[in-house]
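> Starting off with a structure, shown below.
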Amino acid sequence: MPNKRNAIGSPSRAMERRRKTAKQDRRTEMQNKEIPQKKDGAGRRRTAKKTQGRGVHKDFFLMMMNWFEQDSWYFNQSISLAMMNGKMVDKENDMLREVNTLRAINGRVFGNIGGFDMCVRDRVSWHVLGFGERFDYQNPVFEGNNVQYDGRMVDHVTVYPGTSQTVLMIPDNPGKWLLHAGQLESQTDGMVARYNVYTCNRPLSVSRPLSVPVSVFEKTVIRRYYIAAVDVIWDYAPRKINIVTMGDLRDPNT
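Spelled out as structure tokens, the structure:
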């Protein structure tokens with residue numbers, strides 16, 4: 001008679017293997033087929049007929065995710081190519097896992113992604129996708145222009161693994177703007193991109209945000225602040241010593 005606890009109470013080995021296989025598939029970037037891609041990495045633009053029917057001019061897709069190379073099918077192959085004896089590598093080492101982690105937007109890091117181009121007053125849909133582990137929540141931040149989300153005008157949106165959000169942007173501020181992760185660590189590690197807003201020979205009249213009443217918008221006071229900058233010779237270490245080792249910072253050997 002089969003053990004009911006093993007059959008019902010605990011996950012089977014087959015299920016565990018399927019879970020691990022799916023995880024490795026994700027880390028090997030096989031799910032890129034799910035995201036329409038252009039050669040420059042940006043989300044594929046829909047045809048004019050489809051976008052006009054939906055009331056938008058362009059669609060862009062964002063997948064912000066932490067890629068752990070150690071969970072890839074090719075990690076063992078990479079170790080074998082990099083070292084003569086890959087078996088000596090401790091694959092569970094936390095430091096090794098950290099240095100083999102890529103924090104990317106659509107698989108690209110440090111702004112090596114293009115195609116996020118639009119004109120002033122275009123109606124642009126940003127589709128933000130959430131993948132990864134339970135801790136892989138992302139907060140993409142749009143500098144320069146706001147997006148409409150849940151009836152509010154905001155500069156960022158949050159997605160969790162297995163979820164997605166679509167926000168509408170009607171840019172009114174031309175320029176080259178940063179699109180980056182809300183977490184400082186992810187941003188400094190390369191989860192940044194850039195989107196471009198062109199005038200396209202359109203008048204730069206101020207457009208009203210969809211969620212702001214007309215009366216409130218027209219009575220808004222715009223204040224300009226001017227900041228003066230003065231050159232100052234700054235000494236980062238006036239004592240010229242390392243307070244930890246008490247060594248002389250001017251000594252090239254310290």
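Just so you know, the sequence shown maps onto residues 1 to 254 in the UniProt record's numbering. No residue lacks a Cβ here, since even glycine has one placed at the ideal position from N, Cα and C.
Where does Ile-79 fall in DSSP's three states?
Indexing the sequence shown from 1 puts residue 79 at position 79. Of the three classes helix, strand and coil, the one that applies to Ile-79 here is helix, per DSSP.
> Rounded to whole angstroms, what's the CA-CA distance from Asp-150 to Leu-168? Just pull it up for me.
Along the sequence shown, read from residue 1 onward, the residue named residue 150 stands at position 150. Along the sequence shown, read from residue 1 onward, the residue named residue 168 stands at position 168. Rounded to whole angstroms, Asp-150 to Leu-168 spans 10 Å at the Cα level.
> Specify, as a first and last residue, the run of the beta strand (DSSP E) that Arg-97 falls within.
Translated into the one-based positions of the sequence shown, residue 97 becomes position 97. Unbroken run through Arg-97 is the alpha helix (DSSP H), 94 to 99; no beta strand (DSSP E).
> How far does the alpha helix (DSSP H) with Gln-187 in it extend, from its first residue to its last?
Along the sequence shown, one-based indexing puts residue 187 at 187. Per DSSP, Gln-187 belongs to the alpha helix (DSSP H) from 184 to 188.
> Cα separation between Gly-132 and Ile-105?
As a working mapping, residue 132 is identified with position 132 in the sequence shown. As a working mapping, residue 105 is identified with position 105 in the sequence shown. So the alpha carbons of these two residues sit roughly 13 Å apart.
> Determine the extent of the beta strand (DSSP E) in which Tyr-149 is found, giving its start and end residues.
Here residue 149 is taken as the residue at index 149 of the sequence shown, counted from 1. First-last of the beta strand (DSSP E) with Tyr-149: 147 to 149.
> With a threshold of 8 Å, are at least 3 pairs of Cβ atoms found where one atom belongs to the stretch 67 to 78 and the other to the stretch 134 to 152?
In short, these stretches do not touch, since the Cβ pair count stays below three.
> Based on the DSSP secondary-structure assignment, which residues constitute the bridge partners of Tyr-195?
Here the question's residue 195 lines up with position 195 in the sequence shown. According to DSSP, which records beta bridges pairwise, Tyr-195 is partnered with Trp-177.
> Rounded to whole angstroms, how far is the Cβ of Met-191 from the Cβ of Met-64, which I believe are closer than 8 Å?
Along the sequence shown, read from residue 1 onward, the residue named residue 191 stands at position 191. Along the sequence shown, read from residue 1 onward, the residue named residue 64 stands at position 64. Indeed they touch by this definition, with Cβ atoms about 6 Å apart.
> Return the first residue and the last residue of the beta strand (DSSP E) that Thr-166 is part of.
Start at 1 with the first residue of the sequence shown, and residue 166 comes out as number 166. 164 to 169 is the span of the beta strand (DSSP E), which, as asked, contains Thr-166.
> Consult DSSP for Asn-106 and reduce its assignment to one of helix, strand or coil.
Stepping through the sequence shown from its first residue, residue 106 is reached at position 106. The answer is coil: DSSP assigns Asn-106 none of H, G, I, E or B.
> Taking the alpha carbon of Glu-92 as the point to measure from, which residue in Arg-103, Ala-82, Asn-76 has its own alpha carbon closest?
As a first step, residue 92 is located in the sequence shown; it is residue number 92 there, counting from the start. Taking only the C-alpha atoms, the option nearest Glu-92 is Asn-76.
> Under three-state DSSP, which class holds Asp-71?
Residue 71 sits at position 71 when you count from the first residue of the sequence shown. In the structure shown, Asp-71 sits in a helix (DSSP, three-state: H, G or I).
> Less than 8 Å between the beta carbons of Asp-136 and Tyr-198, yes or no?
Start at 1 with the first residue of the sequence shown, and residue 136 comes out as number 136. Start at 1 with the first residue of the sequence shown, and residue 198 comes out as number 198. Against a cut-off of 8 Å, the Cβ pair of Tyr-198 and Asp-136 comes out as no contact.
> I need the straight-line Cα distance from Asn-173 to His-57, nearest angstrom please.
By one-based count along the sequence shown, residue 173 stands at place 173. By one-based count along the sequence shown, residue 57 stands at place 57. If I take the Cα positions, the gap works out to 17 Å.
> Could you round the C-beta distance between Gln-138 and Ala-193 to whole angstroms and report it? I think they count as a contact, below 8 Å.
Against the sequence shown, residue 138 aligns to sequence position 138. Against the sequence shown, residue 193 aligns to sequence position 193. Going by Cβ atoms, the distance from Gln-138 to Ala-193 rounds to 13 Å, so no, they are not a contact pair.
> Is the Cβ of Gly-162 closer than 8 Å to any Cβ of chain C?
Here there is only one protein chain, and chain C is not present.
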